[in-house]
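Undergrad: The sequence shown runs contiguously to residue 436 in my numbering.
Even for Gly, the Cβ is constructed at its ideal location relative to N, Cα and C.
First the structure, which I've put down as C-alpha coordinates, then a few questions once you've had a look.
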Amino acid sequence: MYRYLFFIIAALSLSLQCLSKSPEKQITDAMIASDWFALDSLYKAIPENELSDFIDVFSRCLIGNRLNRPQVSIPAFEQLLSVHSEEISNISTYAMMYAIDLSRLGQNSKAASVLSDVLNSNRQNLDSSEIKKLERVIKRYEWLAKYKPYSIFLNDDTGIIPFNLVPAGNPENKGMLMRLQESDINGIGADIIFDTGAAMNIISDSLAEKYNLSPLDVEVKVSGFRSSSGSFALAKELKIGNITLNDVPFLIMNITSHNAEADRYIKDLQLFVGSELMLQLKDLTIDFENNQIIVPAEAQQKTDTAPNLCFSSSMNLLAKGSIRTTPLLMNIDTGDASFGTVGKTFYKKNKKLIKTTGHPTELRRGGIGGAEITKGYTLPDIELSLGGSNTTLPYIEVNPDTDPFGYECNLGLNSLRRFRKVRFNLVDFVLSATE
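Here is the structure:
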(Lines of atoms letter the chains of each structure in order from A; the text may use other names.)
(Lines give C-alpha, C1' and ligand atoms only; values in the text may rest on other atoms or scores of the structure.)
Protein backbone atom coordinates (compact mmCIF):
# COMPACT_ATOMS: atom_id res chain seq x y z
CA MET A 2 0.00 0.00 0.00
CA TYR A 3 2.67 2.48 0.96
CA ARG A 4 4.50 2.40 -2.37
CA TYR A 5 1.28 3.16 -4.23
CA LEU A 6 0.69 6.11 -1.93
CA PHE A 7 4.23 7.33 -2.60
CA PHE A 8 3.82 7.17 -6.38
CA ILE A 9 0.50 9.02 -6.25
CA ILE A 10 1.83 11.78 -4.02
CA ALA A 11 5.12 12.04 -5.93
CA ALA A 12 3.18 12.62 -9.14
CA LEU A 13 1.13 15.30 -7.45
CA SER A 14 4.28 16.95 -6.16
CA LEU A 15 5.92 17.04 -9.59
CA SER A 16 2.88 18.71 -11.10
CA LEU A 17 3.08 21.40 -8.42
CA GLN A 18 6.84 21.97 -8.31
CA CYS A 19 6.50 25.42 -9.92
CA LEU A 20 4.46 26.51 -6.90
CA SER A 21 7.26 26.02 -4.39
CA LYS A 22 5.68 28.15 -1.68
CA SER A 23 2.06 27.31 -2.40
CA PRO A 24 -0.15 25.63 0.22
CA GLU A 25 -0.57 22.60 -2.04
CA LYS A 26 3.21 22.20 -2.39
CA GLN A 27 3.62 22.31 1.39
CA ILE A 28 0.82 19.77 1.80
CA THR A 29 2.24 17.35 -0.80
CA ASP A 30 5.74 17.67 0.68
CA ALA A 31 4.35 16.56 4.06
CA MET A 32 2.57 13.63 2.37
CA ILE A 33 5.73 12.51 0.56
CA ALA A 34 7.64 12.59 3.86
CA SER A 35 4.82 10.67 5.60
CA ASP A 36 4.93 13.48 8.16
CA TRP A 37 1.36 13.28 9.40
CA PHE A 38 2.02 15.80 12.18
CA ALA A 39 3.18 18.42 9.68
CA LEU A 40 0.28 17.56 7.37
CA ASP A 41 -2.18 18.06 10.23
CA SER A 42 -0.62 21.36 11.28
CA LEU A 43 -0.42 22.70 7.72
CA TYR A 44 -3.96 21.70 6.88
CA LYS A 45 -5.30 23.54 9.94
CA ALA A 46 -3.36 26.69 9.06
CA ILE A 47 -4.33 26.93 5.38
CA PRO A 48 -7.30 29.23 4.72
CA GLU A 49 -10.44 27.68 3.29
CA ASN A 50 -10.61 27.32 -0.51
CA GLU A 51 -6.82 27.54 -1.03
CA LEU A 52 -6.55 23.83 -1.80
CA SER A 53 -7.99 22.01 -4.77
CA ASP A 54 -10.93 19.81 -3.88
CA PHE A 55 -8.92 16.63 -4.47
CA ILE A 56 -5.97 17.68 -2.27
CA ASP A 57 -8.37 18.83 0.43
CA VAL A 58 -10.22 15.50 0.45
CA PHE A 59 -7.02 13.44 0.22
CA SER A 60 -5.49 15.37 3.15
CA ARG A 61 -8.48 14.64 5.36
CA CYS A 62 -8.35 10.94 4.44
CA LEU A 63 -4.71 10.65 5.53
CA ILE A 64 -4.99 12.86 8.62
CA GLY A 65 -7.99 10.92 9.90
CA ASN A 66 -6.56 7.50 9.16
CA ARG A 67 -3.06 8.10 10.54
CA LEU A 68 -4.05 10.23 13.57
CA ASN A 69 -7.02 8.11 14.68
CA ARG A 70 -9.76 10.53 13.66
CA PRO A 71 -12.26 8.30 11.84
CA GLN A 72 -14.88 11.02 12.17
CA VAL A 73 -12.64 13.08 9.84
CA SER A 74 -11.53 10.36 7.44
CA ILE A 75 -14.80 8.47 6.92
CA PRO A 76 -16.68 11.28 5.12
CA ALA A 77 -13.46 12.16 3.26
CA PHE A 78 -12.95 8.58 2.03
CA GLU A 79 -16.59 8.46 0.96
CA GLN A 80 -16.01 11.58 -1.14
CA LEU A 81 -12.66 10.29 -2.44
CA LEU A 82 -14.15 7.03 -3.72
CA SER A 83 -17.35 8.53 -5.11
CA VAL A 84 -16.06 11.79 -6.64
CA HIS A 85 -12.31 11.37 -7.18
CA SER A 86 -11.94 7.67 -8.01
CA GLU A 87 -10.49 8.47 -11.45
CA GLU A 88 -7.76 10.63 -9.88
CA ILE A 89 -6.27 7.82 -7.79
CA SER A 90 -4.61 4.56 -8.75
CA ASN A 91 -5.01 1.33 -6.78
CA ILE A 92 -8.41 2.28 -5.44
CA SER A 93 -8.49 -0.88 -3.31
CA THR A 94 -5.74 0.55 -1.08
CA TYR A 95 -7.88 3.50 -0.06
CA ALA A 96 -10.98 1.35 0.23
CA MET A 97 -9.03 -0.79 2.73
CA MET A 98 -8.07 2.29 4.75
CA TYR A 99 -11.70 3.44 4.66
CA ALA A 100 -12.84 0.01 5.90
CA ILE A 101 -10.33 0.07 8.77
CA ASP A 102 -11.72 3.40 9.99
CA LEU A 103 -15.31 2.18 9.67
CA SER A 104 -14.45 -0.94 11.67
CA ARG A 105 -12.87 1.15 14.43
CA LEU A 106 -16.31 2.66 14.98
CA GLY A 107 -17.98 -0.76 14.89
CA GLN A 108 -19.39 -0.29 11.36
CA ASN A 109 -18.22 -3.68 10.10
CA SER A 110 -21.22 -4.32 7.86
CA LYS A 111 -20.59 -1.05 6.01
CA ALA A 112 -16.87 -1.86 5.80
CA ALA A 113 -17.68 -5.15 4.09
CA SER A 114 -20.15 -3.40 1.76
CA VAL A 115 -17.62 -0.73 0.73
CA LEU A 116 -15.00 -3.34 -0.13
CA SER A 117 -17.53 -5.50 -1.99
CA ASP A 118 -18.58 -2.53 -4.12
CA VAL A 119 -14.96 -1.69 -4.93
CA LEU A 120 -14.17 -5.32 -5.78
CA ASN A 121 -17.21 -5.70 -8.03
CA SER A 122 -16.54 -2.41 -9.83
CA ASN A 123 -12.82 -2.90 -10.34
CA ARG A 124 -12.30 -6.66 -10.56
CA GLN A 125 -11.06 -6.41 -14.16
CA ASN A 126 -8.32 -3.97 -13.08
CA LEU A 127 -7.09 -5.97 -10.09
CA ASP A 128 -4.57 -8.79 -10.08
CA SER A 129 -5.38 -12.13 -8.49
CA SER A 130 -3.54 -11.41 -5.24
CA GLU A 131 -5.47 -8.15 -4.71
CA ILE A 132 -8.74 -9.91 -5.42
CA LYS A 133 -7.99 -12.69 -2.93
CA LYS A 134 -6.94 -10.17 -0.28
CA LEU A 135 -10.16 -8.18 -0.71
CA GLU A 136 -12.24 -11.36 -0.57
CA ARG A 137 -10.56 -12.41 2.70
CA VAL A 138 -11.04 -9.00 4.31
CA ILE A 139 -14.68 -8.78 3.18
CA LYS A 140 -15.36 -12.17 4.75
CA ARG A 141 -13.74 -11.02 8.02
CA TYR A 142 -15.83 -7.84 8.23
CA GLU A 143 -19.01 -9.77 7.39
CA TRP A 144 -18.15 -12.15 10.23
CA LEU A 145 -17.47 -9.31 12.69
CA ALA A 146 -20.76 -7.65 11.70
CA LYS A 147 -22.63 -10.56 13.36
CA TYR A 148 -21.23 -9.50 16.74
CA LYS A 149 -20.59 -6.36 18.77
CA PRO A 150 -16.79 -6.39 19.03
CA TYR A 151 -15.25 -4.84 22.13
CA SER A 152 -18.43 -4.23 24.10
CA ILE A 153 -16.97 -2.94 27.39
CA PHE A 154 -18.39 -3.29 30.91
CA LEU A 155 -16.92 -1.50 33.91
CA ASN A 156 -18.90 -1.11 37.12
CA ASP A 157 -16.30 0.96 38.98
CA ASP A 158 -15.27 4.59 38.46
CA THR A 159 -11.85 3.44 37.24
CA GLY A 160 -10.59 0.38 35.45
CA ILE A 161 -7.60 -1.25 37.16
CA ILE A 162 -5.60 -3.96 35.40
CA PRO A 163 -2.78 -5.28 37.62
CA PHE A 164 0.31 -6.72 35.96
CA ASN A 165 3.54 -8.48 36.86
CA LEU A 166 6.89 -8.02 35.18
CA VAL A 167 8.15 -11.42 34.07
CA PRO A 168 11.64 -12.27 32.75
CA ALA A 169 11.90 -12.77 29.00
CA GLY A 170 14.67 -13.62 26.59
CA ASN A 171 18.29 -14.29 27.49
CA PRO A 172 18.63 -13.84 31.30
CA GLU A 173 21.90 -11.94 30.77
CA ASN A 174 19.96 -9.08 29.18
CA LYS A 175 17.50 -8.76 32.10
CA GLY A 176 14.58 -8.35 29.72
CA MET A 177 11.02 -8.08 31.03
CA LEU A 178 7.47 -8.34 29.69
CA MET A 179 4.14 -7.24 31.18
CA ARG A 180 1.86 -10.14 32.14
CA LEU A 181 -1.67 -9.08 33.03
CA GLN A 182 -3.08 -10.43 36.29
CA GLU A 183 -6.67 -11.30 37.21
CA SER A 184 -7.38 -12.20 33.59
CA ASP A 185 -9.42 -14.91 31.95
CA ILE A 186 -10.92 -15.80 28.60
CA ASN A 187 -14.38 -17.37 28.49
CA GLY A 188 -14.14 -18.08 32.21
CA ILE A 189 -10.74 -19.80 32.07
CA GLY A 190 -7.70 -18.19 33.72
CA ALA A 191 -5.24 -16.78 31.19
CA ASP A 192 -1.65 -15.50 31.20
CA ILE A 193 -1.85 -12.52 28.85
CA ILE A 194 1.10 -10.41 27.69
CA PHE A 195 0.39 -6.69 27.16
CA ASP A 196 2.13 -5.78 23.90
CA THR A 197 1.71 -2.22 22.61
CA GLY A 198 3.80 -3.19 19.57
CA ALA A 199 1.22 -5.72 18.36
CA ALA A 200 -1.37 -4.19 16.05
CA MET A 201 -3.73 -7.13 16.76
CA ASN A 202 -4.49 -9.47 19.64
CA ILE A 203 -2.62 -12.73 19.07
CA ILE A 204 -3.12 -16.26 20.39
CA SER A 205 -1.55 -19.63 19.59
CA ASP A 206 -3.67 -22.29 17.92
CA SER A 207 -3.49 -24.57 20.99
CA LEU A 208 -4.71 -21.84 23.35
CA ALA A 209 -7.47 -20.81 20.95
CA GLU A 210 -8.81 -24.34 21.32
CA LYS A 211 -8.29 -24.34 25.11
CA TYR A 212 -10.27 -21.12 25.57
CA ASN A 213 -13.07 -22.18 23.20
CA LEU A 214 -12.66 -19.31 20.75
CA SER A 215 -15.12 -19.15 17.86
CA PRO A 216 -13.09 -19.47 14.63
CA LEU A 217 -13.45 -17.80 11.25
CA ASP A 218 -12.30 -20.11 8.48
CA VAL A 219 -10.38 -17.57 6.41
CA GLU A 220 -6.64 -17.13 6.04
CA VAL A 221 -4.98 -13.82 6.81
CA LYS A 222 -1.48 -12.68 5.88
CA VAL A 223 0.46 -11.00 8.67
CA SER A 224 3.64 -8.93 8.51
CA GLY A 225 5.74 -9.63 11.58
CA PHE A 226 9.39 -10.58 11.80
CA ARG A 227 8.63 -12.53 8.65
CA SER A 228 5.40 -12.72 6.67
CA SER A 229 3.17 -15.36 8.22
CA SER A 230 -0.31 -16.77 7.81
CA GLY A 231 -2.99 -17.05 10.43
CA SER A 232 -6.74 -17.02 10.95
CA PHE A 233 -9.22 -15.16 13.14
CA ALA A 234 -11.27 -16.22 16.13
CA LEU A 235 -13.51 -14.49 18.65
CA ALA A 236 -13.39 -14.62 22.45
CA LYS A 237 -16.94 -14.26 23.73
CA GLU A 238 -15.64 -12.78 26.98
CA LEU A 239 -12.29 -11.34 28.00
CA LYS A 240 -11.69 -10.18 31.58
CA ILE A 241 -8.64 -8.09 32.43
CA GLY A 242 -8.61 -6.76 35.97
CA ASN A 243 -12.05 -5.26 36.68
CA ILE A 244 -12.82 -4.68 32.99
CA THR A 245 -14.93 -7.11 30.97
CA LEU A 246 -14.98 -7.02 27.16
CA ASN A 247 -17.22 -9.12 24.92
CA ASP A 248 -16.65 -10.36 21.37
CA VAL A 249 -12.90 -9.72 21.28
CA PRO A 250 -11.15 -10.69 18.00
CA PHE A 251 -7.87 -12.62 18.13
CA LEU A 252 -5.45 -13.58 15.40
CA ILE A 253 -4.53 -17.28 15.65
CA MET A 254 -0.86 -17.77 14.83
CA ASN A 255 1.76 -20.46 15.06
CA ILE A 256 3.89 -18.59 17.61
CA THR A 257 7.37 -19.78 16.73
CA SER A 258 10.48 -18.21 15.27
CA HIS A 259 11.65 -21.52 13.74
CA ASN A 260 14.94 -20.88 15.55
CA ALA A 261 15.89 -23.22 18.41
CA GLU A 262 17.60 -20.59 20.58
CA ALA A 263 14.87 -17.96 20.15
CA ASP A 264 12.09 -20.49 20.69
CA ARG A 265 13.49 -21.40 24.11
CA TYR A 266 12.55 -17.91 25.24
CA ILE A 267 9.18 -17.47 23.52
CA LYS A 268 7.68 -20.92 24.11
CA ASP A 269 5.76 -19.69 27.18
CA LEU A 270 4.55 -16.51 25.43
CA GLN A 271 1.48 -17.60 23.52
CA LEU A 272 -1.13 -14.92 24.17
CA PHE A 273 -0.93 -11.16 23.58
CA VAL A 274 -3.29 -8.19 23.55
CA GLY A 275 -2.20 -5.14 21.58
CA SER A 276 -3.01 -1.70 20.26
CA GLU A 277 -6.37 -2.74 18.79
CA LEU A 278 -7.60 -3.35 22.33
CA MET A 279 -5.95 -0.13 23.53
CA LEU A 280 -7.90 1.89 20.95
CA GLN A 281 -11.16 0.57 22.34
CA LEU A 282 -10.17 1.46 25.92
CA LYS A 283 -9.37 4.98 24.57
CA ASP A 284 -7.25 6.24 27.49
CA LEU A 285 -4.87 4.16 29.57
CA THR A 286 -1.95 4.86 31.86
CA ILE A 287 0.76 2.31 32.62
CA ASP A 288 1.69 2.92 36.27
CA PHE A 289 5.10 1.29 36.76
CA GLU A 290 5.25 2.32 40.42
CA ASN A 291 2.18 0.28 41.33
CA ASN A 292 2.29 -2.29 38.52
CA GLN A 293 -1.15 -1.52 37.15
CA ILE A 294 -2.82 -0.11 34.06
CA ILE A 295 -5.40 2.57 34.83
CA VAL A 296 -8.39 3.16 32.54
CA PRO A 297 -10.99 5.88 33.27
CA ALA A 298 -14.62 4.79 33.04
CA GLU A 299 -15.18 7.61 30.55
CA ALA A 300 -12.44 8.98 28.34
CA GLN A 301 -12.10 12.74 28.09
CA GLN A 302 -13.56 14.63 25.16
CA LYS A 303 -11.26 15.43 22.26
CA THR A 304 -9.27 18.66 22.59
CA ASP A 305 -7.12 20.72 20.20
CA THR A 306 -3.89 19.35 21.71
CA ALA A 307 -1.36 18.63 18.97
CA PRO A 308 -0.79 14.85 18.59
CA ASN A 309 2.58 13.17 19.07
CA LEU A 310 1.29 9.68 18.18
CA CYS A 311 0.45 8.35 14.75
CA PHE A 312 -0.21 5.04 13.05
CA SER A 313 2.35 3.39 10.82
CA SER A 314 1.23 1.89 7.51
CA SER A 315 0.85 -1.42 9.38
CA MET A 316 -1.19 0.28 12.14
CA ASN A 317 1.50 0.22 14.84
CA LEU A 318 1.60 3.09 17.35
CA LEU A 319 4.50 5.46 16.66
CA ALA A 320 5.49 8.35 18.95
CA LYS A 321 7.68 11.38 18.41
CA GLY A 322 10.75 11.32 20.64
CA SER A 323 14.49 11.78 20.55
CA ILE A 324 17.63 9.90 21.51
CA ARG A 325 20.65 12.04 22.20
CA THR A 326 18.72 15.01 20.74
CA THR A 327 18.22 13.13 17.45
CA PRO A 328 14.48 13.30 16.59
CA LEU A 329 13.08 9.85 15.84
CA LEU A 330 9.71 8.27 15.22
CA MET A 331 9.54 5.44 17.75
CA ASN A 332 7.54 2.24 17.71
CA ILE A 333 6.35 1.97 21.33
CA ASP A 334 6.73 -1.73 21.99
CA THR A 335 6.13 -3.28 25.41
CA GLY A 336 6.48 -6.62 23.63
CA ASP A 337 10.19 -5.84 23.18
CA ALA A 338 11.79 -7.01 26.43
CA SER A 339 14.95 -4.93 25.90
CA PHE A 340 15.73 -1.20 26.02
CA GLY A 341 15.24 -1.16 22.28
CA THR A 342 17.10 -0.58 19.04
CA VAL A 343 17.83 2.41 16.82
CA GLY A 344 18.69 1.92 13.17
CA LYS A 345 20.46 3.42 10.21
CA THR A 346 18.69 6.79 10.53
CA PHE A 347 20.25 7.35 13.95
CA TYR A 348 23.56 5.78 12.91
CA LYS A 349 24.05 8.17 10.00
CA LYS A 350 23.52 11.20 12.24
CA ASN A 351 25.69 9.92 15.11
CA LYS A 352 28.32 7.80 13.38
CA LYS A 353 31.32 9.49 15.02
CA LEU A 354 29.89 9.10 18.53
CA ILE A 355 28.97 5.46 17.92
CA LYS A 356 32.41 4.62 16.51
CA THR A 357 34.21 6.23 19.47
CA THR A 358 32.01 5.27 22.46
CA GLY A 359 29.88 2.37 21.22
CA HIS A 360 30.78 -1.27 21.79
CA PRO A 361 30.66 -3.68 18.83
CA THR A 362 28.25 -6.53 19.50
CA GLU A 363 25.97 -9.10 17.94
CA LEU A 364 22.34 -8.03 17.72
CA ARG A 365 19.97 -10.94 18.22
CA ARG A 366 16.35 -10.53 17.19
CA GLY A 367 13.61 -13.10 17.21
CA GLY A 368 9.87 -13.08 16.80
CA ILE A 369 6.95 -14.78 15.11
CA GLY A 370 8.23 -16.27 11.88
CA GLY A 371 11.97 -15.76 12.19
CA ALA A 372 15.18 -14.79 13.96
CA GLU A 373 18.48 -13.27 12.92
CA ILE A 374 21.92 -12.25 14.21
CA THR A 375 23.52 -9.09 12.83
CA LYS A 376 26.51 -6.91 13.62
CA GLY A 377 25.88 -3.71 15.56
CA TYR A 378 26.76 -1.67 18.63
CA THR A 379 25.61 -0.97 22.14
CA LEU A 380 25.73 2.73 22.95
CA PRO A 381 26.00 3.41 26.71
CA ASP A 382 24.51 6.18 28.87
CA ILE A 383 22.20 7.58 26.24
CA GLU A 384 19.56 10.26 26.76
CA LEU A 385 15.93 9.53 25.87
CA SER A 386 13.25 12.20 25.51
CA LEU A 387 9.67 10.94 25.27
CA GLY A 388 6.26 12.36 26.04
CA GLY A 389 7.56 15.56 27.62
CA SER A 390 10.02 13.84 29.99
CA ASN A 391 13.67 12.82 29.90
CA THR A 392 15.70 9.94 31.24
CA THR A 393 19.07 8.28 30.70
CA LEU A 394 19.20 4.72 29.43
CA PRO A 395 22.06 2.44 30.48
CA TYR A 396 22.44 1.59 26.79
CA ILE A 397 20.59 1.17 23.54
CA GLU A 398 21.42 -1.09 20.62
CA VAL A 399 22.35 0.36 17.23
CA ASN A 400 21.82 -1.42 13.93
CA PRO A 401 23.85 0.55 11.36
CA ASP A 402 22.40 -1.24 8.33
CA THR A 403 18.63 -1.17 8.75
CA ASP A 404 15.86 0.38 10.80
CA PRO A 405 14.41 -2.17 13.28
CA PHE A 406 11.13 -3.60 11.96
CA GLY A 407 11.13 -0.71 9.49
CA TYR A 408 11.06 1.98 12.21
CA GLU A 409 13.69 4.57 13.12
CA CYS A 410 13.55 3.28 16.69
CA ASN A 411 11.90 0.30 18.34
CA LEU A 412 11.56 1.37 21.98
CA GLY A 413 11.32 -1.54 24.39
CA LEU A 414 9.73 -2.06 27.79
CA ASN A 415 12.96 -1.56 29.74
CA SER A 416 13.15 2.00 28.40
CA LEU A 417 9.51 2.76 29.23
CA ARG A 418 10.10 1.50 32.77
CA ARG A 419 12.54 4.38 33.31
CA PHE A 420 9.42 6.55 33.73
CA ARG A 421 6.98 6.33 36.62
CA LYS A 422 3.96 6.49 34.34
CA VAL A 423 3.29 6.41 30.62
CA ARG A 424 -0.12 7.55 29.42
CA PHE A 425 -1.71 6.75 26.06
CA ASN A 426 -4.44 9.33 25.40
CA LEU A 427 -5.82 7.75 22.25
CA VAL A 428 -8.57 10.37 21.91
CA ASP A 429 -6.14 13.23 21.28
CA PHE A 430 -3.46 10.71 20.17
CA VAL A 431 -0.96 12.00 22.69
CA LEU A 432 1.62 10.00 24.64
CA SER A 433 2.89 11.53 27.88
CA ALA A 434 5.51 10.25 30.32
CA THR A 435 6.08 11.13 33.99
CA GLU A 436 9.59 11.08 35.41
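Among the candidates PRO216, ASN213 and ASN309, whose CA atom is the shortest distance from the CA of ARG424?
TA: ASN309
Undergrad: Report all residues from its chain with a CB closer than 6 Å to the CB of VAL167; omit the five preceding and five following residues, and keep chain order.
TA: LEU178 and ARG180
Undergrad: If you draw a straight line from the alpha carbon of ASP41 to that of SER230, how long is it in whole angstroms?
TA: 35 Å
Undergrad: Could you tell me the alpha carbon to alpha carbon distance between THR435 and ILE374, rounded to whole angstroms?
TA: 34 Å
Undergrad: Applying the 10 Å Cβ sphere with the 16-neighbour rule, what's the burial state of GLY359?
TA: buried
Undergrad: Using only the heavy atoms of the ligand HEM, determine whether one of them is closer than 6 Å to the beta carbon of LYS175.
TA: What this structure holds is no ligand at all, so the ligand HEM is not there to describe.
Undergrad: Who are the near neighbours of SER110 in its chain, counting only those whose CB is closer than 6 Å to its CB and skipping five residues on each side?
TA: These residues qualify, in order along the chain: ALA146.
Undergrad: Thinking C-beta only, is LEU364 closer than 7 Å to GLY377?
TA: yes
Undergrad: Does the beta-carbon distance from THR342 to GLU409 come in below 7 Å?
TA: no
Undergrad: For SER416 versus PHE312, is the C-beta distance shorter than 7 Å?
TA: no
Undergrad: Relative to the alpha-carbon of PRO172, which residue among LEU63, ALA338 and ALA191 has its alpha-carbon at the smallest distance?
TA: Here the closest residue by C-alpha is ALA338.
Undergrad: Tell me, which residues are paired with ILE162 by DSSP?
TA: ILE294
Undergrad: Is it the case that the Cβ atoms of ILE92 and ASN123 are separated by a distance below 7 Å?
TA: yes
Undergrad: Relative to the alpha-carbon of LYS422, which residue among PRO216, VAL219, ILE139 and ILE295 has its alpha-carbon at the smallest distance?
TA: ILE295
Undergrad: Applying the 10 Å Cβ sphere with the 16-neighbour rule, what's the burial state of GLY275?
TA: buried
Undergrad: Could you tell me which of LYS350, ASP157 and GLY344 sits nearest to PRO297, measuring between CA atoms?
TA: ASP157
Undergrad: Enumerated in chain order, which unbroken segments of the alpha helix (DSSP H) with a length of 4 residues or greater are wholly contained in the segment 165 to 243?
TA: For the segment 165 to 243, the continuous alpha helix (DSSP H) assignments of 4+ residues that do not extend past its boundaries occur at 206 to 211, in sequence order.
Undergrad: Note the first and the last residue of the continuous beta strand (DSSP E) segment covering GLU398.
TA: 390 to 399
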